[in-house]
Structures are given as structure tokens and as C-alpha cells.
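Written out below as C-alpha cells is the structure these notes cover.
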Amino acid sequence: MAYDIVLDQFSGPLDLLLHLIQKHEVDIFDIPIAKITDQYLAYLRAMEELSLEIASEFLVMAATLLAIKSRMLLPRPAKSGDDEDEDSGDPRDELVQQLVEYQRAKWAAAQLRERGVLQSQVFSRPPLDLRPYAPEAPPPVTGVTLWDLVDAFRKLMRRIPQEERVAEIQGVVLSVDDEMDKLMRRMRILQRTTFFQLVQDARTRHALVTAFLAVLELMKAGRIACRQLLAFGDIEIVLTEEAAEG
Amino acid sequence: MMFSMTGPLEAVLFAAGSDGLSLVEIADVLQLSTDEALQVCRELQDQYRDRNGGIELVELAGVWQLVTRPEHAMYLRKLATAPTSSHLSNAALEVLAIVAYRQPISRIEIEAIRGVQSDRAVQTLVHRQLIAEVGRQEGPGRPILYGTTPTFLQTFGLRSLEDLPPLPEEPEIAQDLNLFQLTPALPRD
Amino acid sequence: MMFSMTGPLEAVLFAAGSDGLSLVEIADVLQLSTDEALQVCRELQDQYRDRNGGIELVELAGVWQLVTRPEHAMYLRKLATAPTSSHLSNAALEVLAIVAYRQPISRIEIEAIRGVQSDRAVQTLVHRQLIAEVGRQEGPGRPILYGTTPTFLQTFGLRSLEDLPPLPEEPEIAQDLNLFQLTPALPRD
Numbered sequence: 000m001a002y003d004i005v006l007d008q009f010s011g012p013l014d015l016l017l018h019l020i021q022k023h024e025v026d027i028f029d030i031p032i033a034k035i036t037d038q039y040l041a042y043l044r045a046m047e048e049l050s051l052e053i054a055s056e057f058l059v060m061a062a063t064l065l066a067i068k069s070r071m072l073l074p075r076p077a078k079s080g081d082d083e084d085e086d087s088g089d090p091r092d093e094l095v096q097q098l099v100e101y102q103r104a105k106w107a108a109a110q111l112r113e114r115g116v117l118q119s120q121v122f123s124r125p126p127l128d129l130r131p132y133a134p135e136a137p138p139p140v141t142g143v144t145l146w147d148l149v150d151a152f153r154k155l156m157r158r159i160p161q162e163e164r165v166a167e168i169q170g171v172v173l174s175v176d177d178e179m180d181k182l183m184r185r186m187r188i189l190q191r192t193t194f195f196q197l198v199q200d201a202r203t204r205h206a207l208v209t210a211f212l213a214v215l216e217l218m219k220a221g222r223i224a225c226r227q228l229l230a231f232g233d234i235e236i237v238l239t240e241e242a243a244e245g
Numbered sequence: 000m001m002f003s004m005t006g007p008l009e010a011v012l013f014a015a016g017s018d019g020l021s022l023v024e025i026a027d028v029l030q031l032s033t034d035e036a037l038q039v040c041r042e043l044q045d046q047y048r049d050r051n052g053g054i055e056l057v058e059l060a061g062v063w064q065l066v067t068r069p070e071h072a073m074y075l076r077k078l079a080t081a082p083t084s085s086h087l088s089n090a091a092l093e094v095l096a097i098v099a100y101r102q103p104i105s106r107i108e109i110e111a112i113r114g115v116q117s118d119r120a121v122q123t124l125v126h127r128q129l130i131a132e133v134g135r136q137e138g139p140g141r142p143i144l145y146g147t148t149p150t151f152l153q154t155f156g157l158r159s160l161e162d163l164p165p166l167p168e169e170p171e172i173a174q175d176l177n178l179f180q181l182t183p184a185l186p187r188d
Numbered sequence: 000m001m002f003s004m005t006g007p008l009e010a011v012l013f014a015a016g017s018d019g020l021s022l023v024e025i026a027d028v029l030q031l032s033t034d035e036a037l038q039v040c041r042e043l044q045d046q047y048r049d050r051n052g053g054i055e056l057v058e059l060a061g062v063w064q065l066v067t068r069p070e071h072a073m074y075l076r077k078l079a080t081a082p083t084s085s086h087l088s089n090a091a092l093e094v095l096a097i098v099a100y101r102q103p104i105s106r107i108e109i110e111a112i113r114g115v116q117s118d119r120a121v122q123t124l125v126h127r128q129l130i131a132e133v134g135r136q137e138g139p140g141r142p143i144l145y146g147t148t149p150t151f152l153q154t155f156g157l158r159s160l161e162d163l164p165p166l167p168e169e170p171e172i173a174q175d176l177n178l179f180q181l182t183p184a185l186p187r188d
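Protein chains in written order, with numbering that gives the first Met the number 0: chain A, 0 to 245; chain B, 0 to 188; chain C, 0 to 188.
So, in C-alpha cells, the structure goes:
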């Protein structure tokens with residue numbers, strides 16, 4: 000038998016266990032723990048042979064299975080009143096409970112997937128531009144302050160997953176020329192700014208290098224000027240070519 | 000009189016497009032009571048059903064909107080990008096399902112059910128605005144509690160959380176094991 | 000057979016939005032000859048006339064598009080000036096914050112940051128004249144770049160963009176910046 004299913008295919012050790020239970024058509028409420036444990040370990044070993052990293056949860060589950068297996072071999076402890084009740088039950092109980100609960104979650108996930116697919120077959124249309132129907136200028140926005148704006152940004156930054164904060168925006172190939180155009184557009188809006196403000200949306204090392212090179216190029220071309228007021232202070236950048244391109 | 004309001008309703012829903020309109024907004028724009036507005040909505044829904052045309056009226060997350068009928072998706076795929084173009088990983092879907100049925104729920108509780116770390120999946124779902132922080136749990140560390148969002152309802156075509164299919168009973172599920180077969184693309188021995 | 004194509008036609012015209020479709024595009028999407036496509040268009044036009052609903056199909060300068068019927072304009076005026084339009088939704092506020100701090104920026108970039116579709120919020124902000132097109136990005140499709148407007152500055156009581164409060168810290172980026180040795184390492188005590 001080939002263990003050609005990579006562990007990645009399983010969303011966790013419970014998923015792998017369910018797969019084994021299903022494959023061997025055994026009753027989830029009466030799991031042949033020795034057989035399933037062997038199978039489970041065989042999967043992990045196959046992964047090892049393939050030099051794939053095994054998430055620690057898979058190893059924890061292996062230990063749990065082995066513990067259950069060994070407890071199954073022991074004679075049931077005689078009932079002693081003070082002992083914890085759970086100890087006298089089937090050693091598999093807790094695992095079965097977990098499997099059943101997880102199975103329900105998987106069932107629900109499958110339902111959601113189905114609905115998601117169905118919903119993705121449905122299209123709407125962008126809202127109509129209603130400006131022609133409201134000839135006067137739109138009513139001014141009220142009840143919103145600068146701090147609402149900053150707060151919105153702060154919340155947004157918290158919502159973005161850590162690793163995506165440095166992720167590059169897809170499909171954008173960075174060239175120094177493009178970056179120069181972009182920086183100049185921004186400089187025309189800002190007139191003067193600091194280096195950090197100017198390059199603040201450089202989200203990767205690559206983007207930052209490109210931005211830095213672009214700033215150097217623009218300086219060389221005399222389109223911007225840089226100055227540093229304090230040692231180690233922020234570098235101030237001033238637009239110098241404004242008259243030329245407006 | 001009721002009947003003739005389906006025309007104006009269609010016009011305003013068409014204009015609202017993917018924004019959709021709540022019943023209150025519809026009532027306000029058409030100058031009806033919300034009961035009357037609901038009646039007109041149902042009437043228009045019936046008309047679309049009878050006509051068997053290209054669009055229909057659906058209620059998603061408390062918002063009424065016109066959408067294309069799913070059976071025409073093949074023509075539309077050439078034209079438009081699907082609203083839920085980027086799909087969710089198995090892990091993310093599992094977490095989402097757990098949050099949907101067990102909300103409010105903390106990350107620790109999600110991980111207890113899945114038997115595996117779920118912080119990345121949770122983060123992805125928060126970023127996609129499918130789940131959001133809805134409160135804090137009492138107790139040490141006051142862990143964040145998550146719940147689903149209106150975007151969740153829209154993405155999965157649900158009017159409300161009550162539209163979620165009921166979870167099967169435990170014994171039932173044990174028999175349904177073959178529901179969870181791995182994707183058919185995987186080789187079986 | 001012809002008759003049954005009015006459903007798909009309605010669906011694609013609906014999804015095409017205000018851009019409409021040329022006869023050639025319609026024929027291509029529905030996999031018909033242009034003659035057949037024209038016939039289906041006329042058929043759908045007749046259907047709308049008979050239904051007397053809220054929308055109709057018109058041909059303008061060789062482009063076919065669905066529009067609302069003129070007699071419902073009063074309801075659209077009501078919609079355009081609905082009370083909901085004097086405040087900003089959370090989504091709109093979030094997009095506005097991104098544009099304010101990251102301008103010029105395209106919609107795709109905004110969506111990459113937010114993790115959700117943002118066309119509606121962008122449209123709202125353009126409509127409210129808080130953001131505007133300030134240029135085009137190089138590259139495929141030359142997407143529109145947005146920036147804030149004088150109305151934005153007025154609304155938030157800013158003399159210029161320099162008055163925007165500094166951004167909250169982003170530790171990752173700060174770390175990257177260190178590579179350039181532009182600032183001395185933070186003093187540790």
C-alpha cells in the first residue's frame with residue numbers, strides 16, 4: 000500500500016483518524032484501537048521517509064493513541080469509590096467524543112462549501128450611478144471625525160493577518176521607473192514630506208529597495224531635493240520640479 | 000395598487016445593484032409600510048419565478064437584491080468575475096463552520112474541536128470579514144470571541160443564521176461517514 | 000429555442016451593468032450568430048414592454064443595455080437622496096482611511112489590503128467627492144488611481160495632507176527599514 004496521500008491533505012490528526020476509520024469501515028463508537036494506531040503510525044513514518052515536516056499535533060495524537068492502546072491492554076481497574084469516574088470508563092471515550100464533534104464540524108464545512116459554490120454562480124451588478132437623479136451636490140458627510148478615520152485604519156491594521164502585511168500586491172512588477180512616476184505623483188500631492196512618509200506603502204524589502212533607488216534617481220535628476228535637518232533625523236523631501244510639470 | 004408597485008420596486012432594486020436595499024429602505028423609497036413593502040417584494044419574487052427569465056430577487060443578510068439565476072452561470076463566467084472568486088482552504092472552511100454553529104466561540108475552543116492550531120485560519124477569516132470579534136470571554140486572558148458577519152451570510156447565500164442547515168444528530172452522522180470522503184482527485188489504494 | 004435564450008440574455012445584460020454589451024459581444028457570450036443575437040434582443044425588448052415592469056432594454060450607439068424605465072425616475076430621485084446618504088458606512092470609512100494614507104492607490108490594491116471587494120465603497124466615496132481619480136497605474140488594464148480631494152480635507156478639518164495624524168506603528172515594516180540604516184537602532188535601556 001502506498002501512502003501517497005500527503006499529510007497536508009488532512010487538516011489535522013482528527014481528520015487523518017477519520018479517514019482511517021472510514022477506510023477500514025470500522026464503527027466510530029468501537030474503534031479497533033491497535034489496528035488504527037498502527038495505521039496512523041504508518042502514515043507518520045511514510046511522511047518521515049519523505050522528509051516532510053510533521054506538525055506537532057500529529058505527534059501528540061500518536062502519543063494519545065499509544066496511551067489508549069496500552070490502557071486497553073490493562074485489566075479494568077476494580078471499582079473503588081473515590082477514584083475519578085472517567086478513569087473507570089472506556090479509555091477510548093474521550094477520543095470518540097472528539098471525533099464525533101469534529102465530524103459534525105466537517106459535515107458543516109461541507110455544507111458551507113456547497114452553498115458557497117452555489118452562491119458563486121450568482122452575479123449582481125454594480126449600483127447605478129445615481130448622480131443624474133440628485134442634481135444638487137451630495138449632502139456633506141456629517142458625524143465623522145478625523146479620529147474615526149485613524150481609528151478605522153488602526154482597526155484595519157489589526158484585521159490584516161500578520162504575514163499578509165508584508166505580502167506584495169500580486170501581479171505588480173516593480174520597476175524603478177514606475178516607482179519614480181508613482182513617487183512624483185505623490186510628491187505633487189504632498190509637495191514636501193519625509194522619506195518615511197513617501198515610501199510608507201513599500202511593504203516588502205524589494206519594494207523598499209525600489210522606492211529607495213527611485214528617490215536617488217529623482218534626486219539625481221533634480222526633480223526632488225532631500226535634506227536632513229538633524230543627524231539621524233528623518234529625511235525631508237521637497238518637490239523641486241513643480242513648475243515644469245504642474 | 001399593490002401589483003403596480005412591483006415596477007417601481009424592480010427599478011430601485013436594479014439601481015441599487017449589489018448594494019441591495021433593506022426592507023426599511025424599500026418602504027421609505029416606495030412610501031409604503033414595511034409590511035406592504037414585504038408583500039411587494041414577494042410579489043416580484045413570484046413574478047420572476049413565473050417568468051423564468053435571467054434574474055431573480057433574493058434576500059441575503061436582511062438585504063434584498065437582484066441577482067442572476069444560477070443556471071445562467073455558464074454564460075456569465077465569460078463576462079464577469081465571480082463574487083467569491085478566491086476559495087477558502089479546508090482548514091478555513093472547518094473553522095468557519097465551527098464559528099457559524101457555535102458562535103460566540105474563542106480560538107482555543109475552535110482548536111479543541113479541530114485538534115489542531117487554527118490561528119492562521121482564524122486570521123484569514125477575520126481578514127476576509129467572514130468572522131469578526133463579537134466580544135470577550137470571561138476568565139484569564141479574556142480571549143476574543145468570534146462570530147459570523149453579514150458578509151458570511153451573503154457569501155453563502157443565507158438570509159440569516161437560521162438558514163444554516165441543522166446539524167445532524169450524533170448517531171446519524173456516524174453512518175454518514177462516506178460524506179467525508181477525501182477529494183476524488185486523490186488516488187485510493 | 001430562440002425564446003429560451005432571453006433568460007441568458009437578461010442575465011448577461013444585467014451583470015454587464017451600465018457598460019452594456021455590443022451585439023458582437025452578446026453573440027459571443029451566448030454563442031449565437033449576430034443575427035440570432037439581434038432577434039433575441041428584440042424578443043427581450045418585447046417581453047419587457049408586455050410586462051410593464053421596472054426596467055427595459057435599449058440600444059444606444061450600438062450598445063445594448065438594461066435601464067430603468069423613465070416613469071420610475073421619481074423613485075430613483077428618492078433613492079439618491081435617501082437619509083442613509085449623509086453618513087459613511089464602516090466599509091467606506093475604512094477605504095477612505097486607506098486612500099488617505101496610501102494615495103495614489105488603485106481599487107485592486109485597496110482590496111488586497113482589506114481582503115474584501117471594495118467597489119461599492121469606492122464608488123460611494125467618489126460620489127461623495129471625498130476621493131477622486133488622480134491618474135492611471137502603469138500596467139495591464141491601466142487601473143484608476145485614487146487620491147483624496149479638497150472636500151476630504153474640508154470634511155475632516157485638515158489644512159493639508161501633512162496634517163493627517165501619523166500612522167500607527169507597523170513593526171514588520173519598521174524592521175525592514177532598519178536594513179537601510181537610515182535610523183540608528185532604537186536605544187535599549
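Backbone N, C-alpha and C define an ideal beta-carbon position, used for all residues, glycine too.
Here the region 111–118 of chain B does not lie against the region 143–152 of chain A, with fewer than 3 beta-carbon pairs under 8 Å apart. Less than 8 Å separates the beta-carbon of Thr239/A from that of Arg222/A. Checking the DSSP bridge columns, you'll see Val121/B has no partner listed.
Under the 8 Å criterion on CB atoms, Asp18/B is classed as interfacial with respect to chain C.
Val133/C carries a strand assignment under DSSP once its states are collapsed to helix, strand and coil. Interface flag for Val28/B against chain C is set, since a Cβ pair is found closer than 8 Å.
The beta carbon of Leu92/C falls within 8 Å of a beta carbon belonging to chain A, placing the residue at that interface.
Contact of Ala14/B with chain C by beta-carbon distance below 7 Å involves Thr67, Leu75 and Leu78. Interface residue (Cβ-Cβ distance to chain A less than 8 Å): Ala96/B is classified as such. With its beta carbon less than 8 Å from one in chain C, Ile188/A belongs to the interface. Within the region 102–162 of chain A, the complete alpha helix (DSSP H) segments at least 4 residues long are 145–158, listed from N- to C-terminus. Below 8 Å, too few C-beta pairs join the region 44–57 of chain B and the region 96–105 of chain A to call them touching: fewer than three. Per DSSP, reduced to three states, the secondary structure at Ile97/B is helical.
Here Thr147/C is near Val98/C, since their CB atoms are less than 8 Å apart.
For Gln102/C, no alpha helix (DSSP H) segment is defined, and its DSSP state is neither H nor E. Around the beta carbon of Lys219/A, fewer than 16 other beta carbons lie within 10 angstroms, which makes this residue exposed.
A check of alpha carbon separations from Asn51/B across Pro139/C, Gly138/C and Ala10/C identifies Ala10/C as the nearest. Residues of chain B whose Cβ lies closer than 7 Å to the Cβ of Asn89/C do not exist; the shortest such Cβ separation is about 10 Å.
Chain order gives the chain A residues near Thr154/B as Gly115 and Gln118, where near means a beta carbon separation below 8 Å. Taking a contact to require three or more Cβ pairs closer than 8 Å, the region 122–132 of chain B and the region 92–106 of chain B qualify as touching.
With a 10 Å radius around the Cβ and a threshold of 16 neighbouring Cβ atoms, Gly142/A comes out exposed. Flagged as an interface residue toward chain B: Ala10/C, by a C-beta distance shorter than 8 Å. Think of a sphere of 9 Å around the beta carbon of Thr150/B: the chain C residues whose beta carbon falls inside it are Val115, in chain order.
Under the Cβ distance rule, Ala81/C counts among the residues neighbouring chain B, one pair being separated by less than 8 Å.
Of the residues Gln30/B, Ile107/B, Gly6/B and His126/B, the one whose Cα lies closest to the Cα of Ile159/A is His126/B. Neighbours of Arg119/C in chain B, taken as residues whose beta carbon is under 7 Å from its own, are Ser17 and Asp18 in chain order. With a threshold of 16 other beta carbon atoms within 10 Å, Lys34/A falls short and is exposed.
Non-local C-beta neighbours of Trp63/B in its own chain, meaning closer than 8 Å and more than five positions away in sequence, comprise Leu12, Gly19, Leu20, Ser21, Leu22, Ile25, Cys40, Leu56 and Val57, ordered along the chain.
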